[in-house]
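Chemist: Okay, here's the structure, questions in a sec.
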Amino acid sequence: MVAAAPATHSERPGRQSAAVALGGEPALLDGSGALVLPERRTVVFADLHFEKGSAYAERGALLPPWDSAATLERMEAVLACHTPDRVVCLGDSFHDTGGGGRMAGPLAGRLRRLADRYDWIWIAGNHDPEIPEAAGGRAADRFRLGGLLFLHEPDEPGHEEGPGDPQICGHFHPKARIRAGPRRVTRPCFVGDHRLLILPSFGAYTGGLDIMNPAIAGLFPGDFTAWLISNGAVYAFPSNRTRFLPFES
Numbered sequence: 001m002v003a004a005a006p007a008t009h010s011e012r013p014g015r016q017s018a019a020v021a022l023g024g025e026p027a028l029l030d031g032s033g034a035l036v037l038p039e040r041r042t043v044v045f046a047d048l049h050f051e052k053g054s055a056y057a058e059r060g061a062l063l064p065p066w067d068s069a070a071t072l073e074r075m076e077a078v079l080a081c082h083t084p085d086r087v088v089c090l091g092d093s094f095h096d097t098g099g100g101g102r103m104a105g106p107l108a109g110r111l112r113r114l115a116d117r118y119d120w121i122w123i124a125g126n127h128d129p130e131i132p133e134a135a136g137g138r139a140a141d142r143f144r145l146g147g148l149l150f151l152h153e154p155d156e157p158g159h160e161e162g163p164g165d166p167q168i169c170g171h172f173h174p175k176a177r178i179r180a181g182p183r184r185v186t187r188p189c190f191v192g193d194h195r196l197l198i199l200p201s202f203g204a205y206t207g208g209l210d211i212m213n214p215a216i217a218g219l220f221p222g223d224f225t226a227w228l229i230s231n232g233a234v235y236a237f238p239s240n241r242t243r244f245l246p247f248e249s
């Protein structure tokens with residue numbers, strides 16, 4: 001089960017983390033957007049989308065080409081803070097199948113050295129069904145750790161592997177909008193219930209999908225919690241006590 005302790009925030013260097021329990025495993029929803037499993041010495045990232053900028057450039061869209069470097073720098077900071085043994089990337093780590101080839105040599109070497117330092121698992125995503133061999137680590141369609149199942153997209157209801165085991169996924173890039181006084185505030189977020197936790201996208205240029213969109217809302221037939229990230233801190237908003245605003249409002 002994904003059990004929240006929404007009032008509990010523990011100080012981290014430069015960020016805060018909300019404490020939750022995932023299937024009995026203590027976990028931290030980090031203010032960076034990463035998931036940390038301290039007892040498993042594991043850090044989880046979702047939707048890095050390396051080389052999205054260069055993919056758009058090939059189609060004539062002029063975006064600054066620094067997205068991969070910025071994402072990798074943020075990853076390095078999180079890993080230096082939490083010092084894990086294992087890293088799990090939940091798919092769409094590369095924006096497309098050519099992303100590894102477009103990554104500049106020094107940056108690709110930096111990523112490979114990082115992957116070689118840990119037990120690094122690349123989960124296949126819809127953007128990157130095959131992980132570049134040069135990226136290091138090991139590739140998998142899904143990964144199980146204790147009672148937790150890590151995958152890019154959640155299994156269809158009724159077709160879960162190990163029904164009852166919490167699933168940890170990415171893919172949706174969730175964001176939520178709430179009213180804060182006179183203002184409407186939109187932030188990336190974690191969103192989860194007792195069966196499923198969806199991580200926010202970690203990469204640059206990745207945008208986000210409204211948690212009220214049926215693609216996300218339909219995954220949570222009952223109560224859920226959205227943990228919004230703002231200025232490196234995480235704030236819990238249970239659905240039964242929060243009015244989430246649709247993005248068009």
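Note that the sequence shown covers residues 1 to 249 in the numbering used here.
Cβ atoms here follow ideal geometry from the backbone N, Cα and C, with glycine treated the same way.
1) In angstroms with no decimal places, state the Cα-to-Cα distance between V36 and T83.
2) Per DSSP, what are the beta-bridge partners of W120 in this structure?
3) Excluding sequence positions up to five away, which residues of its chain have a Cβ less than 7 Å from the Cβ of F224?
4) Between the alpha carbons of D155 and P188, how many angstroms are there, rounded?
5) On the CB-based measure, 16 or more other CB atoms within 10 Å of its CB, does P246 come out buried or exposed?
6) Whole angstroms are fine: how far does the CA of S17 sit from the CA of E11?
7) If you count every other CB in all the chains shown that lies within 10 Å of the CB of T71, and 16 or more means buried, which is it?
8) On a Cα-Cα basis, can you pick out the residue from R179, A215, L62 and L199 that is closest to L48?
9) Name the DSSP bridge partner or partners of S32?
10) Looking only at DSSP bridge pairs, what is G192 linked to?
11) Which whole-angstrom value is the C-beta distance of F94 and E51, which I expect to be below 8 Å?
12) Quick one: complete beta strand (DSSP E) runs, 3+ long, within the segment 145 to 186?
Modeler: Quick look at the numbers:
1) For this step, residue 36 is matched to residue 36 along the sequence shown. For this step, residue 83 is matched to residue 83 along the sequence shown. Cα to Cα, V36 sits roughly 10 Å from T83.
2) Along the sequence shown, one-based indexing puts residue 120 at 120. Its beta-bridge partners are V87.
3) Taking the first residue of the sequence shown as 1, we reach residue 224 at position 224. Same-chain partners within the cutoff: V191, G192, D193 and S239.
4) Position 155 of the sequence shown, counted from the first residue, corresponds to residue 155. Position 188 of the sequence shown, counted from the first residue, corresponds to residue 188. The straight-line gap from Cα to Cα measures roughly 23 Å.
5) Within the sequence shown, the letter at position 246 stands for residue 246. That one is exposed.
6) Position 11 of the sequence shown holds residue 11. Position 17 of the sequence shown holds residue 17. Low local confidence applies: a pLDDT of 38 at E11 is under 50, so the model's placement there is unreliable, and no value is given.
7) One-based indexing of the sequence shown puts residue 71 at position 71. Result: buried.
8) Against the sequence shown, residue 48 aligns to sequence position 48. Among R179, A215, L62 and L199, the Cα nearest to that of L48 belongs to L199.
9) As a first step, residue 32 must be located in the sequence shown, where it is residue number 32. Per DSSP, none; premise fails for S32.
10) For the purposes of this step, residue 192 is identified with residue 192 of the sequence shown, where counting begins at 1. Note: G192 sits in a beta bridge opposite L197 and T225.
11) Translated into the one-based positions of the sequence shown, residue 94 becomes position 94. Translated into the one-based positions of the sequence shown, residue 51 becomes position 51. That pair is a contact at about 6 Å.
12) 148 to 151, 167 to 169 and 174 to 180
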